[in-house]
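Chemist: Numbering (my numbering), first residue to last: -3 to 481. The beta-carbon is built from N, C-alpha and C at its ideal position, and this holds for glycine as well.
Structure, rendered in structure tokens:
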């Protein structure tokens, strides 16, 4: 076990915030949520190496202080408006927990891949310590999302959380641009600062496209595709800010933030990020135009910009080479073969154990649906779709009511698109997880809570149950006599 250079700074800072500045813990945990390649403490090396991410350490201290304060007060403060979506998230975590009985039931009867790579050994399935690690991860995610929702329930608190998260996006974008610049001038990249995790998946900071001398920027994330997923979740926030009247940092700084995020997305050269960003832009353009937030001039400008991009991809040789490499050549690459092999194995695992799968964290995954089915079966995928679908439905229904002159910034619209884009990006990556994903879920729960609070107390419904109770209620047999004068 070894403490990294980043750990020497953040561990004392986290302990100080825990003791004297608890509000700092929330801000730091949100800011460092995308730093998946950064570690404070490393354990092991090689294929068995792992690292403690900053957001997990800081978020753990934050949740520990909240637990101690709740114990002292003998009361857990959880607003009613966010209890239902959190209960549905808890259902998903409960199904994942129950699925861990499957390794004991299977007990080595089948052979499974130990990692999502072609070089990984295939071993009999038994209960492993990694199953507990994955379970702790989603339990932490549930608690982290609940705390984020609680701290972001009010409009001002919601905007504050968005501002912290976008500040993180600006930083990781600048760090990614620095990474590309150092690659261009052949100066060694300082990976020991933010790419220091002992995890074998955190060594993607020096990748480049094979046919063109362009680096694949991963910044502080495990790999470029993971960074693109983080950026996709941030796009709706900053686009809603520049198109509406509610600013995050300010008019010009919001535009600069959007430009930085888009530039970093291009530098990731991630096909997942490119496709998801394109679909997101189409959906956002349609919704903004539908609700009167995008006039004809803006729409014409967006169409001209999109047309210029398509023309450059067809005519300009360097751009055409990058597009060919990113979107088309990967179909015949080693990465595509690896993904296809893992997906086929996951399909076989699901066919053998369709109800609860092999157990959470037992099967490697390279896509959302089959990866979830292989690990948790039909029950796990259904519970995941249930809580995500509930939030999308609730936020989607509120989008129409939010677009009026009195509500220039719609949390429902922002989080509907952010959750949709993030889950769509994970569809070709694997089961979602990590502090950044649970932060988006927590903000989505907070947006649902704002919708619930705006509705006010529910009206009593006079349905068939009340009618039957009134019909079957025993009546008094006394005869009322007329009053005598």
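How is residue 127 classed by DSSP in three states: helix, strand or coil?
Modeler: Within the chain shown, the letter at position 131 stands for residue 127. DSSP places residue 127 in helix when its eight states are reduced to three.
Chemist: Taking a contact to mean a Cβ-Cβ separation below 8 Å, would you say residue 151 touches residue 414 in this structure?
Modeler: To locate residue 151, count along the chain shown from 1; it is residue 155. To locate residue 414, count along the chain shown from 1; it is residue 418. Their beta carbons are not under 8 Å apart, which means residue 151 does not touch residue 414 by this criterion.
Chemist: Over what stretch of residues does the beta strand (DSSP E) that includes residue 37 continue unbroken?
Modeler: Locating residue 37 in the chain shown gives position 41, counting from the first residue. First-last of the beta strand (DSSP E) with residue 37: 37 to 39.
Chemist: Ends of the beta strand (DSSP E) at residue 118?
Modeler: By one-based count along the chain shown, residue 118 stands at place 122. Per DSSP, residue 118 belongs to the beta strand (DSSP E) from 118 to 120.
Chemist: Suppose the cutoff is 6 Å on Cβ atoms and the five residues either side in sequence are ignored; what does the same chain contact list for residue 119 look like?
Modeler: Mapped onto the chain shown, residue 119 falls at position 123. 110, listed in sequence order.
Chemist: Hey, quick one: how far does the alpha helix (DSSP H) through residue 175 stretch, first residue to last?
Modeler: Residue numbering aside, residue 175 sits at position 179 when the chain shown is read from its first letter. Residues 151 to 180.
Chemist: Using DSSP with H/G/I as helix, E/B as strand and the rest coil, what is residue 109?
Modeler: Taking the chain shown and counting its residues from 1, the one referred to as residue 109 is at position 113. The answer is strand: DSSP assigns residue 109 an E or B state.
Chemist: Taking the alpha carbon of residue 421 as the point to measure from, which residue in 221, 285 and 300 has its own alpha carbon closest?
Modeler: For the purposes of this step, residue 421 is taken as residue 425 along the chain shown, with counting starting at 1. Cα-wise, what sits closest to residue 421 is 221.
Chemist: Taking residue 216 as part of the alpha helix (DSSP H), name the residues at either end of that continuous run.
Modeler: Residue 216 sits at position 220 when you count from the first residue of the chain shown. Run containing residue 216: none; DSSP gives neither H nor E here.
Chemist: Which residue from 385, 87, 79 and 61 puts its Cα closest to that of residue 442?
Modeler: For the purposes of this step, residue 442 is taken as the residue at position 446 of the chain shown. With distances taken between Cα atoms, residue 442 lies closest to 79.
Chemist: Between the Cα of residue 435 and those of 94, 347 and 162, spot the shortest distance and give me the residue it belongs to.
Modeler: Counted from its first residue, the chain shown places residue 435 at position 439. Out of 94, 347 and 162, 162 has the C-alpha closest to the C-alpha of residue 435.
Chemist: So who's on the other strand from residue 47, going by DSSP bridges?
Modeler: For the purposes of this step, residue 47 is taken as residue 51 along the chain shown, with counting starting at 1. Answer is 38, bridged to residue 47.
Chemist: Identify which residue in 237, 285 and 211 has its Cα closest to the Cα of residue 159.
Modeler: What you label residue 159 is simply residue 163 of the chain shown in a count that begins at 1. Answer by Cα proximity: 237.
Chemist: Is the beta carbon of residue 35 closer than 8 Å to that of residue 48?
Modeler: As a position in the chain shown, residue 48 is number 52, starting the count at 1. As a position in the chain shown, residue 35 is number 39, starting the count at 1. Cβ distance < 8 Å, so residue 48 and residue 35 count as in contact.
Chemist: Whole angstroms are fine: how far does the CA of residue 141 sit from the CA of residue 83?
Modeler: Within the chain shown, numbered from 1, the residue matching residue 83 stands at position 87. Within the chain shown, numbered from 1, the residue matching residue 141 stands at position 145. The straight-line gap from Cα to Cα measures roughly 12 Å.
Chemist: To which residues does DSSP link residue -1 through a beta bridge?
Modeler: As a first step, residue -1 must be located in the chain shown, where it is residue number 3. According to DSSP, residue -1 bridges with 37.
Chemist: What's the C-alpha gap between residue 178 and residue 264?
Modeler: Translated into positions along the chain shown, residue 178 becomes position 182. Translated into positions along the chain shown, residue 264 becomes position 268. Distance between the alpha carbons of residue 178 and residue 264: 15 Å.
Chemist: Contact check, residue 228 vs residue 276 under 8 Å by CB: the rounded distance?
Modeler: If you number the chain shown from 1, residue 228 lands on position 232. If you number the chain shown from 1, residue 276 lands on position 280. Their Cβ separation, rounded to whole angstroms, is 6 Å, which keeps residue 228 and residue 276 in contact under 8 Å.
Chemist: Which of helix, strand or coil does DSSP assign to residue 103?
Modeler: For this step, residue 103 is matched to residue 107 along the chain shown. If DSSP states are grouped into helix, strand and coil, residue 103 belongs with coil.
Chemist: Hey, how far is the Cα of residue 377 from the Cα of residue 190?
Modeler: For this step, residue 377 is matched to residue 381 along the chain shown. For this step, residue 190 is matched to residue 194 along the chain shown. Taking the straight line from one Cα to the other gives about 33 Å.
Chemist: Any idea what DSSP makes of residue 407, helix, strand or coil?
Modeler: Along the chain shown, read from residue 1 onward, the residue named residue 407 stands at position 411. Looking at residue 407 - three-state DSSP - the assignment turns out to be helix.
Chemist: Using only alpha-carbon positions, find the residue among 30, 355, 361 and 408 that is nearest to residue 128.
Modeler: For the purposes of this step, residue 128 is taken as the residue at position 132 of the chain shown. Comparing Cα positions, the closest option is 355.
Chemist: What three-state label does DSSP hand residue 488 in the structure shown?
Modeler: Given a span of -3 to 481 for the chain in the structure shown, any question on residue 488 remains unanswerable.
Chemist: Tell me the rounded alpha-carbon separation between residue 101 and residue 125.
Modeler: On the chain shown, residue 101 is found 105 positions in, with the first residue counted as 1. On the chain shown, residue 125 is found 129 positions in, with the first residue counted as 1. If I take the Cα positions, the gap works out to 16 Å.
Chemist: At the level of alpha carbons, what is the spacing between residue 243 and residue 254?
Modeler: Within the chain shown, numbered from 1, the residue matching residue 243 stands at position 247. Within the chain shown, numbered from 1, the residue matching residue 254 stands at position 258. Answer to the nearest angstrom: the Cα atoms are 12 Å apart.
Chemist: On the criterion of 16 or more Cβ atoms from any shown chain inside 10 Å, does residue 433 qualify as buried, or is it exposed?
Modeler: Taking the chain shown and counting its residues from 1, one reaches residue 433 at position 437. Buried: at least 16 other Cβ atoms inside 10 Å.
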